[in-house]
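Engineer: Numbering-wise (my numbering), the sequence shown opens with residue 1 and increments by one.
Where is the CB? At the ideal position from N, CA and C, for every residue including glycine.
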Amino acid sequence: MPDFTIHPASYKDPAGFVFESAGIFYRQVNRTYQETYQQLMQSGLYKILVQKELLIPHTEKEENLTGDEKAWLILQPAQIPLISYPVEWCFDALKEAALLTLQVMELALEKGMILKDATAFNIQFIRGRAQLIDTLSFECYAEQKPWIAYRQFCESFLFPLLLGNYSGLHFQALLQGYPEGIPVDVAARLLPLKSRFRPAVWMHVYLQNRVHRAATANARYAGSFSKTKLLNLVQHLATTIQSLEQKGSTNWSNYYTETILGEHYLQEKSKIVNNFLHQSKKGQLLDIGANDGHFSLLAAKMGFQVIAVDSDPVCINHLYQKAKRDHCDNLLPLCLDITNPTPASGFQNRERRSFLQRVQPDLVMALALLHHLCIVKNLSFTQLASFFAGLAPELIIEFVPKEDEKTRQLLTRKEDIFPDYTQEQFESAFLQFFSIPEKQKIPGTERIIYRMKRNP
Numbered sequence: 001m002p003d004f005t006i007h008p009a010s011y012k013d014p015a016g017f018v019f020e021s022a023g024i025f026y027r028q029v030n031r032t033y034q035e036t037y038q039q040l041m042q043s044g045l046y047k048i049l050v051q052k053e054l055l056i057p058h059t060e061k062e063e064n065l066t067g068d069e070k071a072w073l074i075l076q077p078a079q080i081p082l083i084s085y086p087v088e089w090c091f092d093a094l095k096e097a098a099l100l101t102l103q104v105m106e107l108a109l110e111k112g113m114i115l116k117d118a119t120a121f122n123i124q125f126i127r128g129r130a131q132l133i134d135t136l137s138f139e140c141y142a143e144q145k146p147w148i149a150y151r152q153f154c155e156s157f158l159f160p161l162l163l164g165n166y167s168g169l170h171f172q173a174l175l176q177g178y179p180e181g182i183p184v185d186v187a188a189r190l191l192p193l194k195s196r197f198r199p200a201v202w203m204h205v206y207l208q209n210r211v212h213r214a215a216t217a218n219a220r221y222a223g224s225f226s227k228t229k230l231l232n233l234v235q236h237l238a239t240t241i242q243s244l245e246q247k248g249s250t251n252w253s254n255y256y257t258e259t260i261l262g263e264h265y266l267q268e269k270s271k272i273v274n275n276f277l278h279q280s281k282k283g284q285l286l287d288i289g290a291n292d293g294h295f296s297l298l299a300a301k302m303g304f305q306v307i308a309v310d311s312d313p314v315c316i317n318h319l320y321q322k323a324k325r326d327h328c329d330n331l332l333p334l335c336l337d338i339t340n341p342t343p344a345s346g347f348q349n350r351e352r353r354s355f356l357q358r359v360q361p362d363l364v365m366a367l368a369l370l371h372h373l374c375i376v377k378n379l380s381f382t383q384l385a386s387f388f389a390g391l392a393p394e395l396i397i398e399f400v401p402k403e404d405e406k407t408r409q410l411l412t413r414k415e416d417i418f419p420d421y422t423q424e425q426f427e428s429a430f431l432q433f434f435s436i437p438e439k440q441k442i443p444g445t446e447r448i449i450y451r452m453k454r455n456p
């Protein structure tokens, strides 16, 4: 009897499904998709997409690992180290994923195929770049047939990006409520009035909203799309998206160079962190409260596979841009509040796993974070020590004392109800879960950086 588990989110496509067997993910291709798959492979489209690193590669397996009579072929795709979701992406990451989708669509049309799905969940960031992960997203192009995934593309990609560009909204919070994409009527209501005078916004948002609300919507689209018109639509979408930028600023983007203690502080802190990192194995590192990513980049350049998270989307967008410029393909910046991380979601909360279920770091780094978690979020040292111990076997953490300027600033906004916020209480709480092989004070400050190892 075959031993396998179908992925909880892989039930919507009759062409096949993803399943796991012995810790490896596979994709079953059903007999109904045989002709389409052969077109994908024989047309040269698959080869082109893989060569351009637009689609993850796969190998074909001879054995029917599921024993399913519907199965025609089993694929073993390249395994993905960490799955991330659109709600965790910054503006430029979603923009890259959108442009990738359109590039794949254009190449598919040249080979007589088309994307039948255009959801952002079909994209993942692998080695620093967006790639399509759903091999069964294609179908053969039918002349005059409209792009059935156009609306899905707009809701998943275009509308969130337009809102970021014209309204300065951070779409991450909206995607929590609309995980499949922002509906056209919601986008139309949220976009500012001035955006209506932009031809692209008028066509893709307001006109589409009118058509969507009309009873004859399908009739209006029927028979109106030649391949030339479809290519023009794809290219127009690409041009529009290429011009979009996230509006808005952040208080944290120059955190280390301007809002703390200056360049000397940063240099001294970097020396300590660099020394501590050299004493850890080069595995997966989770940088919590990464801010502008200075230490995330430091760790990535040392060979760690870095996941950098911060609740500020603008900071993460800046880090995303830095990583691109530096060709740092082992760093994945994500928008995430560690006190309210992405939950499990979908049917029975099983389709998409929570962030804490997906991430398995060997080392956690929490620099200039502790005072925010304790003073702003009212979390105790014991709660945090238990949390970090559950995340990873090693921890690099910075203690910022109550006398520090930044801690005092936090306390101006609320009553000081934290008599236990002391170095002694901090060490006592963390020693319940960790040993402390090393600690070092940052010269010129009272801040202390600790290197900790989880107790057996």
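Sorted by chain position, which residues of the same chain lie with C-beta nearer than 6 angstroms to Val-364's C-beta, five sequence neighbours on each side aside?
Structural biologist: So the qualifying residues of the chain are Leu-286, Phe-388, Leu-391, Ala-392, Leu-395.
Engineer: Would the region 262–282 count as touching the region 359–375 if we require 3 or more Cβ pairs under 8 angstroms?
Structural biologist: Contact annotation: the region 262–282 touches the region 359–375, with at least three C-beta pairs closer than 8 angstroms.
Engineer: Under DSSP, the beta strand (DSSP E) around Thr-59 begins and ends at which residues?
Structural biologist: 58–61
Engineer: Mapping the DSSP letters down to three states, classify Met-113 as helix, strand or coil.
Structural biologist: strand
Engineer: Looking only at DSSP bridge pairs, what is Glu-20 linked to?
Structural biologist: Thr-5, Phe-25
Engineer: Just grab the DSSP bridge partners of Asp-310 for me.
Structural biologist: Cys-335
Engineer: List the endpoints of the continuous beta strand (DSSP E) containing Asp-287.
Structural biologist: 284–288
Engineer: Just to confirm, is the Cβ distance from Asn-209 to Val-184 under 8 angstroms?
Structural biologist: yes
Engineer: So which of Lys-95, Leu-115, Glu-96, Leu-94 has the shortest CA-CA distance to Val-104?
Structural biologist: Leu-115
Engineer: Let me know the secondary structure DSSP gives Tyr-450 once reduced to three states.
Structural biologist: Strand.
Engineer: Quick one: grab the DSSP three-state call for Phe-153.
Structural biologist: helix
Engineer: For Arg-220, count neighbouring Cβ atoms within 10 angstroms of its own Cβ and tell me buried if that reaches 16, exposed if not.
Structural biologist: Low local confidence applies: a pLDDT of 46 at Arg-220 is under 50, so the model's placement there is unreliable, and no value is given.
Engineer: Would you grab the beta carbon distance between Ala-238 and Leu-94 for me? Rounded to a whole angstrom, and I think it's under 8 angstroms.
Structural biologist: About 14 angstroms separates the two Cβ atoms, so there is no contact after all.
Engineer: The alpha helix (DSSP H) that contains Leu-230, what's its start and end?
Structural biologist: 227–242
Engineer: Would you kindly report the start and end of the unbroken beta strand (DSSP E) that includes Ile-459?
Structural biologist: Residue 459 falls outside the range modelled here, since the chain spans only 1 to 456, and no answer is possible.
Engineer: Just reading off the beta strand (DSSP E) that Lys-301 is part of, what are its end residues?
Structural biologist: No beta strand (DSSP E) contains Lys-301, which is instead part of the alpha helix (DSSP H) from 294–301.
Engineer: Quick one: complete beta strand (DSSP E) runs, 3+ long, within the region 336–412?
Structural biologist: For the region 336–412, the full-length beta strand (DSSP E) segments reaching 3 residues or more read 363–366, 394–399 along the chain.
Engineer: Note down, in chain order, each residue of its chain lying with its Cβ closer than 7 angstroms to the Cβ of Leu-411, except the 5 sequence neighbours on either side.
Structural biologist: So the list reads Ile-375, once near-sequence residues are dropped.
Engineer: Checking 8 angstroms against the spacing of the C-beta atoms, do Leu-100 and Leu-175 come in under that value?
Structural biologist: Cβ atoms of Leu-100 and Leu-175: not closer than 8 angstroms.
Engineer: Buried or exposed: where does Thr-135 fall if 16 or more other Cβ atoms within 10 Å of its Cβ makes it buried?
Structural biologist: buried
Engineer: Determine contact between the region 25–32 and the region 40–47, defined as no fewer than three beta-carbon pairs at a distance below 8 angstroms.
Structural biologist: no
Engineer: Going straight from the alpha carbon of Pro-341 to that of Ile-56, what length do you get?
Structural biologist: 27 angstroms
Engineer: Measuring CA to CA, which of Tyr-141, Ala-22, Pro-77 is closest to Glu-35?
Structural biologist: Tyr-141
Engineer: Looking at C-alpha atoms only, which residue of Trp-72, Tyr-85, Glu-60, Gly-67 is the closest neighbour of Leu-332?
Structural biologist: Tyr-85
Engineer: Which of the three DSSP states, helix, strand or coil, is assigned to Phe-197?
Structural biologist: helix
Engineer: Taking 6 angstroms as the limit between beta carbons, can you name the residues of its chain near Gly-67, skipping five residues before and five after?
Structural biologist: Pro-2
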